[in-house]
Each structure stands twice: as C-alpha cells, then as structure tokens.
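Enquirer: Mind having a look at this structure? Questions to follow.
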Amino acid sequence: MNMLTDAAVEEKLQSASKPGVSKMVGKDVTVHYGEKQALFGVNLEVPEKQVMALIGPSGCGKSTFLRCLNRMNDTIDICRVGGSIMLDGEDIYDPRIDVVELRARVGMVFQKPNPFPKSIYENIAYGPRIHGLASKKSEFDEVVETSLQKAGLFNEVKDRLHEPGTGLSGGQQQRLCIARAIAVSPEVILMDEPCSALDPIATAKVEELIDELRENYTIVIVTHSMQQAARVSQRTAMFHLGNLVEEGPTDKMFTNPDDKRTQDYITGRFG
Amino acid sequence: MTPGILAIIVLVLTVAGYFLGRQRALALAKREGVRLHSLPSHYGQAVALFTAVPALLLMGAWLFLQPLLLENQVSSQIPDSVIPEGGARSLVMADVRRIADGMDRLVGSGGLNEDDLSSMRADFSNIRGRLAEVGVALGSDVEPAVFEAAKSYRSIAGTSTLLRNIAVIAVALGFGFLAWRQVRPAMRARNVSETFIRSLLIGSSLVAILTTFGIVTSLLFETIHFFRLYPASEFFFSTVWNPQFRGGSDLGVLPLLWGTFYVSFVALLLAVPIGLMIAIYLAEYSGKALRSFAKPAIEILAGIPTIVYGLFALITVGPFLRDWIAQPLGLGSSSSSVLTAGLVMGIMLIPFVSSLSDDVINAVPQAMRDGSYGLGATQSETIRKVIMPAALPGIVGAILLAASRAIGETMIVVMGAGAAARLGLNPLEAMTTVTVKIVSQLTGDTEFASPETLVAFALGLTLFVFTLGLNILALYIVRKYREQYE
C-alpha cells in the first residue's frame with residue numbers, strides 16, 4: 001500500500017518533469033536578419049500551462065526565437081524565418097494563418113513597460129476592442145476589472161482607471177501590460193525580459209504573478225537572471241550562439257546539466 | 001585706411017598673438033619644468049582673443065557712432081536758409097555727404113590736391129560739373145554754405161578715421177601684450193576660450209531676439225501713431241475697406257481678416273489631409289529607400305519661391321477654375337478667387353504638414369507599435385488607435401505652424417486672390433487679404449504721415465499678433481506632447 005503510493009508519487013513526479021502536452025513546437029527554426037543568421041535550426045517544444053524559461057548570453061538568439069512564436073519578427077523588414085512552428089498542431093507560418101488571430105492567441109509582454117499613452121482603462125480595453133470581444137460598456141468594464149485582477153493590479157488602480165497608464169510606476173506599468181495581454185484571453189503569453197527594467201520589489205510581484213498565471217496560460221519567458229529562471233520556470237532552455245544547447249526540467253538544468261556550456265553559464269563562468 | 005584693411009591688420013596681429021602666446025607657454029613650461037594647465041593652443045587662443053576681441057569691438061562701435069556724431073556736428077553748420085521750401089534738413093545732409101564723397105574721389109583720381117580743395121569755393125568754380133566727371137551727380141548747383149559744410153564734414157571724418165585707426169591698433173597691441181605677459185603655465189587658458197565661445201553663442205541668440213523685439217517696437221510705435229489719426233474702433237469693427245488718398249477713407253480690417261482666414265482655411269483644407277496621409281505613408285508604410293528619396297522630393301515643394309506659385313495661380317489655376325467651374329456654374333467671372341489662391345497655397349503647405357508630421361510620427365517609440373502588434377492589431381488599427389493619438393499634439397503643432405505660414409503668405413494671394421476687399425462666402429469671387437493690402441498701401445510714392453499709409457503698420461501688427469499667437473499655441477502643444485513619454 002505504502003509502496004504503491006510511493007510509486008504513484010514517483011510516477012507523478014516523473015510526469016511533472018516531462019514536457020507534458022506540447023502547446024507550441026518549433027522544428028528546425030532558422031532566422032536570418034539580412035545576411036546574418038541568428039538562429040541555426042532550433043527544435044524546441046513549449047509545454048502547455050507551464051512556464052518555460054529561455055536563458056543564454058546576450059545575442060544567443062533567445063529573444064529572436066521568442067519573437068518567432070507570435071510572428072513579431074514580421075514587423076522587421078529584413079528578417080526571414082525558416083523551419084516550422086506549430087501552435088496546437090497548426091503551422092503559424094502557413095500563409096493561410098491570420099497573423100492578427102495568431103497574436104490574439106499568443107500575446108506578448110515586452111522588456112520595457114510600454115503602456116499606450118491612454119488611460120489605464122483604455123489600455124486594457126484596447127485588445128478586446130480591436131478583436132470585437134466586447135461591445136457593451138458593461139462588458140468592457142468586466143474585462144478591464146478581471147484582467148486587472150488577474151494581473152494583481154486592480155486594488156492599486158481601481159480609483160484611477162481613467163488616469164493615464166504612463167503615470168504608474170515601472171512595476172505597475174509592466175503589470176498593466178500583462179493585464180493588457182490577458183484581456184484578449186490568449187493561450188500563450190510571451191515575456192521578453194519582463195523584469196529587466198524593474199526594481200527587486202516590483203520584480204518579486206511580477207514573478208509571483210507569473211507563477212499564478214501558469215494555472216491558465218502557457219508562458220515563455222526570456223530572462224537574464226538565473227535566479228528568476230530557477231524561481232518561476234518549470235522547464236528551461238539554454239541557447240548559445242543561435243543554437244539550442246539543451247532543454248530540460250529547470251531543477252535538473254540547474255543542478256545537473258548535461259552540457260558543460262550550461263554548467264558554465266549558470267555558474268557564471270561565461271556569459 | 002578703410003575698415004577692411006584695418007580689420008586685416010587686426011587679424012594679422014591676432015595670428016601673431018596666437019603663435020607668440022603658444023610659444024611663450026611652451027617656453028615657460030620647459031624652463032620651469034612644470035606641466036601646462038591647458039593645451040598649448042589654448043594659450044595661443046587666449047592671447048589671440050585678447051588681441052582681436054576688444055579691438056574689433058572698438059572698431060564696430062566707432063563705425064556705428066562716427067556717422068551719428070559727424071552728422072550732428074555738421075548739420076548744425078547748415079543755416080536754415082539753404083534748406084529748400086518743404087524739404088528736410090536730412091535731404092541737405094545727404095547732399096553734403098555726397099559732395100564730401102565726390103571730393104574724395106576727385107582727390108583720388110588725381111584731378112585735385114588737398115590745397116586746391118581747401119581753397120576751392122562754391123561760388124567761383126563749377127563744383128557740380130567737376131563732381132559729375134567722377135560720377136557723383138547732384139540735383140542742383142551747390143550752395144556755398146553746403147559746400148563749406150561738406151568740406152568740414154570731410155575734414156572731421158578724416159581726423160576721426162585717423163584717430164580710429166590709431167585707437168584700434170593700439171587696443172589690439174595693448175591688450176594682446178597684456179595677455180601675452182599673463183601667459184604662464186598655471187594660467188587657466190582653456191577657461192578663457194571656453195568663456196569666449198559661450199559669450200559668442202549668447203551674443204548670437206541675442207541678435208535674433210533683439211531683432212524680433214526691434215521689429216515689434218517699430219510696428220508698435222507706427223501703429224500707435226496710426227490710432228492717433230484714425231479711431232481704433234473703426235479699424236477693428238468697420239466692415240468697409242475703402243482707402244481714399246485724398247482723405248475720408250474707411251479702413252475697416254474685418255473684410256481683410258475675413259479674406260485672410262478664408263484663403264488660409266481653403267489652403268489648410270487641401271494641405272492637412274494630403275500632408276497627413278503623405279506623412280503616414282512615409283513613416284509607416286514606405287520602405288527606407290523610397291522614404292529617403294520621397295521625403296526630400298516633397299520638401300522641394302517648400303523650396304519653390306512663392307512668386308512662382310503666384311504665377312502658377314495667375315496663369316494656370318485661376319483661368320482653369322474660371323472657365324471650367326465658376327462660369328459654367330454662374331458663380332463668378334474672375335480668374336482671381338479665394339479658391340485659386342487657397343488651392344495653390346495648399347500645395348505650397350503640403351510639405352510643411354507632411355514633413356513635420358512625419359518627424360512626429362517617427363518619434364512615437366517603436367515600443368508603442370510593438371505593444372499594439374503584439375495584441376494582434378493590424379497596421380491601420382495601430383496607426384489609427386495608437387500612433388495618431390500619441391502623435392496628435394505634434395501634428396496639431398505642425399498644422400498650426402502651416403496655418404501661421406498661410407496667414408502671412410503674400411505673393412500667392414497678391415497674384416491669385418485679387419484685390420477686392422469683400423465680406424462674402426462665394427469662394428469663386430475675388431477677395432483680398434491683410435498682406436495684399438499692406439503691399440498696396442505702401443506701393444508707390446508714400447510718406448508715412450497719413451492714416452492711409454500708416455494703416456499698413458496696424459495691419460502688420462494685427463497679422464503679427466495672430467501668427468505669434470498661433471506659433472505660441474503650436475509650441476505649447478508640441479512641448480506638452482514631449483512630456484508624454486518621459
């Protein structure tokens with residue numbers, strides 16, 4: 001009985017560290033910026049409803065890979081993407097895919113908080129408005145409130161919803177941007193170094209938020225902070241010079257990595 | 001010695017001062033075995049500045065003040081009897097200056113020597129004829145008193161010029177020498193040249209500010225003069241503009257202001273939408289190569305002289321509108337009309353709107369676009385809902401600058417809008433603007449004593465107040481916009 005339970009626990013632990021269901025799958029992803037190649041055939045699976053951290057030294061291609069996941073690279077003229085990226089089994093680079101719909105499903109939070117120079121309310125309502133997710137004022141009110149609540153910002157701003165979003169502190173602005181992304185009910189949220197412009201207290205709040213969001217969303221986060229990757233992610237992928245070095249459960253990556261480069265990077269010997 | 005040669009001498013001294021100062025600094029540093037506080041060239045610059053600046057300032061002041069003092073002294077020598085009936089003392093003084101100038105030329109051409117000149121007398125010799133030989137034409141024979149005044153003008157000017165040359169060179173040498181003596185390794189020579197550069201920059205900006213101030217004051221005084229002769233309430237509220245040079249004119253500004261605003265409105269109606277769309281295309285859609293070609297190409301429109309636009313209005317647009325629109329519709333028979341001037345001015349204003357708006361749209365941070373695209377917005381949604389609202393204050397600023405340009409525009413309206421002061425709504429009729437009337441009130445032989453001419457200054461000031469107001473508003477809006485992302 002006891003043994004069985006232990007075995008069940010063991011099995012559970014095993015399954016938790018396995019990729020689980022893959023939400024997004026990148027196959028042989030290559031990226032060129034003009035003449036320069038930034039990614040050399042990356043194969044990576046993003047597990048559903050987990051947090052995956054992308055780590056690696058500057059210029060290793062982790063942000064580039066992240067931006068491929070919702071085709072943000074399309075906005076850069078000289079950028080060419082090769083290989084395939086699947087979202088729930090559909091190739092997002094298929095010409096039949098509507099990039100507008102894709103980005104509604106795969107939202108993004110940027111390095112520097114970038115609230116629009118509009119009111120807090122309008123910042124949140126922007127996404128639902130362009131996607132026609134709400135029409136009546138009461139519906140908008142509800143979307144705004146739930147999004148802000150999910151982002152843990154509602155209590156701080158509920159009395160000044162109609163003041164400019166740019167008037168908030170840096171940490172609040174970043175949580176506003178997360179709330180803005182949540183408001184269109186995405187399935188995946190991409191975060192490009194979301195805490196690099198924030199102080200430690202604001203960072204702690206955003207990390208806490210990421211941990212809560214894991215329940216409903218698949219999250220991919222690029223970070224330069226090893227501690228942050230260890231704190232918030234379940235799986236970690238290490239990039240170096242445009243290649244994926246290795247990918248695995250975060251605990252294993254930080255305690256017993258297969259590749260020496262990962263070991264060296266995590267312990268601060270290069271990077 | 002002319003001021004030019006004097007300036008060259010000062011410059012030569014300056015260059016010499018530079019090398020002497022530099023050399024002394026190096027020599028002293030070597031002898032005392034210490035490090036120089038500044039670079040060797042800074043010591044040279046310090047000596048050079050002390051040589052040049054006081055001397056050139058003195059020269060400038062002298063050149064400015066000498067004619068004034070001279071005029072005063074000589075004009076008191078002219079008896080009232082030689083001033084012709086209805087003429088002015090200043091006209092006689094102009095003769096005095098020309099005769100003195102002619103005498104200089106006579107001496108210069110070798111026709112006369114100084115002794116001959118001083119013994120020459122107006123009543124005995126044909127001064128007018130001799131001056132005509134050297135190219136100085138006089139309107140009438142020279143009065144003896146005027147000739148004597150010219151002689152003394154010449155001699156005072158000569159002495160004064162000599163004094164000036166001595167003083168300027170002495171100042172250059174004196175200050176230069178003092179500065180050279182001051183040169184020692186511990187001297188803070190770098191600070192001297194830094195201070196000089198700062199004062200030079202302050203001085204340059206003062207020139208611009210003082211000029212504006214001067215223009216406004218001169219306008220203001222003439223306007224006050226005008227309102228002493230003509231009631232201000234009539235000027236501001238009368239709807240009739242009918243100047244009569246024999247007096248008794250109606251000088252109501254309203255028809256002119258109406259024309260000005262009507263033409264400007266038509267121009268902006270054309271320029272703002274087209275300019276904005278160009279700006280959006282250039283900033284958001286066009287590729288780099290196209291943009292780097294198209295933007296300067298559009299800006300060429302701003303470089304076309306307005307008189308050329310005026311010709312275009314007069315010869316092409318005006319007759320076209322008359323023959324194809326005004327006459328068939330029975331709305332007018334004049335080729336000059338509000339629409340003609342407005343359309344042509346609108347074309348001129350397109351680059352003002354497009355170029356400034358393009359800069360403003362480009363200044364919207366890329367992060368705003370990323371944020372919007374990241375939420376799944378399309379390009380036009382992003383432009384409409386994020387970029388334009390963010391850039392709006394700057395765009396309003398651009399439009400207001402274009403508007404103040406339109407209000408002040410003269411040549412296009414002179415040639416395109418006609419000269420009839422009229423309060424009306426028909427855009428195919430001729431109307432006129434404030435600027436056109438300023439030109440027409442001041443054209444020809446005028447003296448600034450009657451309300452009919454002085455009204456030009458009141459019109460100018462009115463216009464200035466409007467454009468200044470628009471500019472201030474534009475600057476205020478642009479500045480407020482800048483704070484948004486900080």
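For the protein sequence lines, the chains are A and B, in the order given. Numbering of the first sequence is given in UniProt numbering, commencing with residue 1 and proceeding in unit increments. Numbering of the second sequence is given in UniProt numbering, commencing with residue 1 and proceeding in unit increments. Idealized CB from N, CA, C, for every residue including glycine.
Which whole-angstrom value describes the C-beta separation of M226/A and I55/A, a residue pair presumed to lie in contact below a C-beta threshold of 8 Å?
Expert: 7 Å between Cβ atoms; contact.
Enquirer: Going by beta-carbon coordinates alone, are F226/B and V465/B separated by less than 7 Å?
Expert: Their beta carbons are not under 7 Å apart, which means F226/B does not touch V465/B by this criterion.
Enquirer: What is the DSSP secondary structure of residue 515/B, counted as helix, strand or coil?
Expert: What the structure shows of chain B is the stretch from 1 to 486, and residue 515/B is not part of that stretch, so it cannot be assessed.
Enquirer: Apart from the five residues just before and just after R175/A, which ones in its own chain have a Cβ nearer than 8 Å to its Cβ?
Expert: Excluding sequence neighbours, R175/A sits near A151, G152, L153, K205, V206 and L209.
Enquirer: If the cut-off is 8 Å on Cβ atoms, which residues from the stretch 362-386 of chain B count as contacting chain A, listed in chain order?
Expert: Within the stretch 362-386 of chain B, the qualifying residues are P365, A367, M368, R369, D370, G371, S372, Y373, G374, L375, G376, A377, T378, E381, K385 and V386.
Enquirer: Helix, strand or coil, according to DSSP, for C79/A in the structure here?
Expert: C79/A: strand per DSSP, three-state reduction.
Enquirer: When the Cα atoms are used, what is the spatial distance from L241/A to V42/A?
Expert: Roughly 11 Å between the two C-alpha positions.
Enquirer: Any C-beta of chain B sitting closer than 7 Å to the C-beta of M52/A?
Expert: Cβ-Cβ to chain B under 7 Å: no for M52/A.
Enquirer: Flag A390/B as yes if its beta-carbon sits less than 7 Å from any beta-carbon of chain A, otherwise no.
Expert: Yes, A390/B counts as interfacial toward chain A.
Enquirer: Tell me whether the beta-carbon of M431/B lies closer than 7 Å to the beta-carbon of V338/B.
Expert: It is a contact, given that the beta carbons lie within the stated cut-off.
Enquirer: How long is the line joining the alpha carbons of S90/B and S76/B, rounded to whole angstroms?
Expert: One C-alpha to the other measures close to 12 Å.
Enquirer: Suppose you measure from the CA of A402/B to the CA of Y476/B; what does that come to, to the nearest Å?
Expert: Cα to Cα, the separation comes out at about 15 Å.
Enquirer: Who are E90/A's beta bridge partners in DSSP?
Expert: Partner(s): L87/A.
Enquirer: Between the Cα of T64/A and the Cα atoms of I120/A, I182/A, L102/A and L244/A, which residue gives the shortest distance?
Expert: Here the closest residue by C-alpha is L244/A.
Enquirer: Where does G107/A land, buried or exposed, given buried means 16+ other C-beta within 10 angstroms?
Expert: With 16 or more Cβ atoms within 10 Å of its Cβ, G107/A is classed as buried.
Enquirer: Does the distance from the C-beta atom of Q111/A to that of S196/A stay below 7 Å?
Expert: Their beta carbons are under 7 Å apart, which means Q111/A touches S196/A by this criterion.
Enquirer: State yes or no: is the C-beta of S336/B within less than 7 Å of the C-beta of G416/B?
Expert: Yes. Within cutoff.
Enquirer: According to DSSP, simplified to helix, strand and coil, what is Q37/A?
Expert: It is a strand residue.
Enquirer: How far does the alpha helix (DSSP H) with P40/B in it extend, from its first residue to its last?
Expert: Its alpha helix (DSSP H) spans residues P40 to S75.
Enquirer: Taking the C-alpha atoms as reference points, what is the distance between L65/B and A55/B?
Expert: Cα to Cα, L65/B sits roughly 15 Å from A55/B.
Enquirer: Give every residue of the same chain whose Cβ lies closer than 7 Å to the Cβ of residue 550/B, excluding the five residues on either side of it in the sequence, and list them in chain order.
Expert: In the structure as shown, chain B starts at 1 and stops at 486, and residue 550/B therefore has no counterpart that could be examined.
Enquirer: For G165/A versus N123/A, is the C-beta spacing smaller than 7 Å?
Expert: Yes, the Cβ-Cβ distance between G165/A and N123/A is below 7 Å.
Enquirer: If you draw a straight line from the alpha carbon of L13/A to that of V51/A, how long is it in whole angstroms?
Expert: Because the pLDDT of L13/A is 49, which lies under 50, any placement of that residue in the model is unreliable, and the question is left without a value.
Enquirer: I'd like to know whether the C-beta atoms of V220/A and G127/A end up nearer to each other than 7 Å.
Expert: Contact: no.
Enquirer: For L473/B, which residues of its own chain have a beta-carbon under 7 Å away from its beta-carbon, when the five flanking residues on both sides are left out?
Expert: Answer for L473/B: L400, listed in chain order.
Enquirer: Closer than 8 Å is the cut-off here; do at least three beta carbon pairs connect the stretch 260-267 of chain B with the stretch 338-350 of chain B?
Expert: They touch, by the three-pair rule.
Enquirer: Hey, how far is the Cα of G60/B from the Cα of L138/B?
Expert: Their Cα atoms are separated by approximately 31 Å.
Enquirer: Have a look at M238/A and P194/A and give me their C-alpha separation to the nearest angstrom.
Expert: Looking at the two C-alpha atoms, the distance is approximately 18 Å.
Enquirer: Is the beta carbon of V192/B sitting closer than 7 Å to the one on A46/B?
Expert: Yes, they are a contact pair.
Enquirer: Quick one: measure Cβ to Cβ for I182/A and S147/A, integer angstroms, because I've assumed they're closer than 8 Å.
Expert: Their Cβ separation, rounded to whole angstroms, is 5 Å, which keeps I182/A and S147/A in contact under 8 Å.
Enquirer: I'd like to know if P117/A contacts chain B, where contact means its C-beta is closer than 7 Å to some C-beta of that chain.
Expert: It does; some Cβ of chain B falls within 7 Å.
Enquirer: With 7 Å as the limit, tell me which residues of the stretch 125-155 of chain A have their beta carbon closer than that to any beta carbon of chain B; keep them in chain order.
Expert: The residues in question are Y126, G127, I130 and H131.
Enquirer: Identify the continuous beta strand (DSSP E) that holds M52/A and give its terminal residues.
Expert: That run of the beta strand (DSSP E) goes V51 to I55.
Enquirer: Here's the rule I'm using: 16 or more other beta-carbon atoms within 10 Å means buried, otherwise exposed. How should Q366/B be labelled?
Expert: Q366/B is exposed by the Cβ-count criterion.
Enquirer: Count the C-beta pairs between the stretch 272-289 of chain B and the stretch 343-356 of chain B that are closer than 8 Å, then say yes if the count reaches three, no if not.
Expert: Enough Cβ pairs lie closer than 8 Å, so yes.
Enquirer: What is the DSSP secondary structure of I189/A, reduced to helix, strand or coil?
Expert: I189/A falls in the strand class under three-state DSSP.
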